[in-house]
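Worksheet for the structure shown next.
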Amino acid sequence: MSRLICSVAALLFIGFIALQGCEDKRRAKNYNSETQVDDDGLRFIQNAVAGSHTEIEASIAAQNSSKNPEVLQFAGMLIKHHNDLLEKLRKLQSEKMISHLDTMSTERQKQVLGLSKQSGPAFDKAYVDLMVEEHEKAVELFTSATHNRMKPIIELASKALPTIKSHLDSAKALQARLK
Numbered sequence: 000m001s002r003l004i005c006s007v008a009a010l011l012f013i014g015f016i017a018l019q020g021c022e023d024k025r026r027a028k029n030y031n032s033e034t035q036v037d038d039d040g041l042r043f044i045q046n047a048v049a050g051s052h053t054e055i056e057a058s059i060a061a062q063n064s065s066k067n068p069e070v071l072q073f074a075g076m077l078i079k080h081h082n083d084l085l086e087k088l089r090k091l092q093s094e095k096m097i098s099h100l101d102t103m104s105t106e107r108q109k110q111v112l113g114l115s116k117q118s119g120p121a122f123d124k125a126y127v128d129l130m131v132e133e134h135e136k137a138v139e140l141f142t143s144a145t146h147n148r149m150k151p152i153i154e155l156a157s158k159a160l161p162t163i164k165s166h167l168d169s170a171k172a173l174q175a176r177l178k
């Protein structure tokens, strides 16, 4: 009898191992089983949402603190464009059954808070420096997402990339004028 139980247990164990080998390793592991993007796609969406929130919050701080018309115009443009991008990202999250994560990392929150403590030309320089840094990260993120295996992610990244590159170019030009 015990031999039969051991045999059944061994067969169940082997069957379990075989089933684990069939699992899609690229499927998101930290969300519900219905999430319809791979891990790379999930990371892209999370980072794109966090980056957009950072740029929006920093730009709101710029509109409240800056007196420089160029900085104010740039901040207004970023708020509009990144709110539009967030809307597209939220739609993708809903379509692919991804939990909505509308937050910034603690590090990014500290950057925006530190920005808010400055004023005048020092604020303008710190804000534009942060926007250059954030948009360099965004260009890298969106460029890599254009090689994702999920068509909706490729399409979103490909459509947004020219605007993000334009933001980076504008931020660098503004950075040069503020020196």
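Note that numbering that gives the first Met the number 0 has the sequence shown beginning at 0, numbered continuously upward. Virtual Cβ for every residue (Gly too), placed ideally from N, Cα, C. Owing to the predicted nature of the structure, the values given are computational and were not obtained by experimental measurement.
Same chain, Cβ closer than 7 angstroms to N46, neighbours up to 5 away in sequence not counted: Here residue 46 corresponds to residue number 47 of the sequence shown, with the count starting at 1. Closer than 7 angstroms at Cβ, skipping near neighbours: L140.
Decide if the stretch 104-122 is in contact with the stretch 47-60; the criterion is three or more beta carbon pairs, one per stretch, under 8 angstroms apart. yes
Alpha helix (DSSP H) segment containing V36, residue limits: In the sequence shown, the residue the question calls residue 36 occupies position 37. Element bounds for V36: n/a, residue is neither H nor E.
Could you compute how far the alpha carbon of R148 sits from the alpha carbon of P68? Residue mapping note: residue 148 aligns to position 149 of the sequence shown, counting from 1. Residue mapping note: residue 68 aligns to position 69 of the sequence shown, counting from 1. Looking at the two C-alpha atoms, the distance is approximately 42 angstroms.
Figure out for me which residue from K124, G119, A170 and K90 has the closest Cα to the Cα of V138. In the sequence shown, the residue the question calls residue 138 occupies position 139. For the residues K124, G119, A170 and K90, the minimum Cα distance to V138 belongs to A170.
When the distance is taken between beta carbons, is P161 closer than 8 angstroms to L91? Position 92 of the sequence shown, counted from the first residue, corresponds to residue 91. Position 162 of the sequence shown, counted from the first residue, corresponds to residue 161. Result no, Cβ atoms of L91 and P161 do not sit closer than 8 angstroms.
Could you tell me the distance, in whole angstroms, from the CA atom of L129 to the CA atom of K136? As a working mapping, residue 129 is identified with position 130 in the sequence shown. As a working mapping, residue 136 is identified with position 137 in the sequence shown. Computed Cα separation, rounded: 11 angstroms.
Quick one: using the 10 Å Cβ neighbour count with 16 as the cut-off for buried, is T53 buried or exposed? Residue mapping note: residue 53 aligns to position 54 of the sequence shown, counting from 1. It counts as buried.
Would you identify the three-state DSSP class for N46, choosing helix, strand or coil? Position 47 of the sequence shown holds residue 46. Helix at N46.
Beta-carbon proximity of L259 to V48, cut-off 8 angstroms: Given a span of 0 to 178 for the chain in the structure shown, any question on residue 259 remains unanswerable.
Same chain, Cβ closer than 8 angstroms to H206, neighbours up to 5 away in sequence not counted: As displayed, the chain neither begins before 0 nor continues past 178, which places residue 206 out of reach and without an answer.
Got a sec, what are the start and stop residues for the alpha helix (DSSP H) S118 sits in? In the sequence shown, counting from the first residue as 1, residue 118 sits at position 119. No alpha helix (DSSP H) holds S118; DSSP gives it neither H nor E.
With 16 other CB atoms within 10 Å as the buried threshold, where does E94 fall? Within the sequence shown, numbered from 1, the residue matching residue 94 stands at position 95. Exposed: under 16 other Cβ atoms inside 10 Å.
Taking Cβ positions, are V127 and V70 nearer each other than 8 angstroms? Walking along the sequence shown from the start, residue 127 turns up at place 128. Walking along the sequence shown from the start, residue 70 turns up at place 71. In this structure, the beta-carbon distance from V127 to V70 falls below 8 angstroms.
Taking DSSP as the reference, what is the three-state secondary structure of N147? For this step, residue 147 is matched to residue 148 along the sequence shown. Three-state DSSP puts N147 in coil, outside helix and strand.
As assigned by DSSP and simplified to three states, the class of N194: Nothing can be reported for residue 194, as the shown portion of the chain is limited to 0 through 178.
To the nearest angstrom, report how far apart N29 and D38 are at their CA atoms. One-based indexing of the sequence shown puts residue 29 at position 30. One-based indexing of the sequence shown puts residue 38 at position 39. Unreliable placement is indicated for N29, whose pLDDT of 46 sits below 50; no coordinate value is reported for it.
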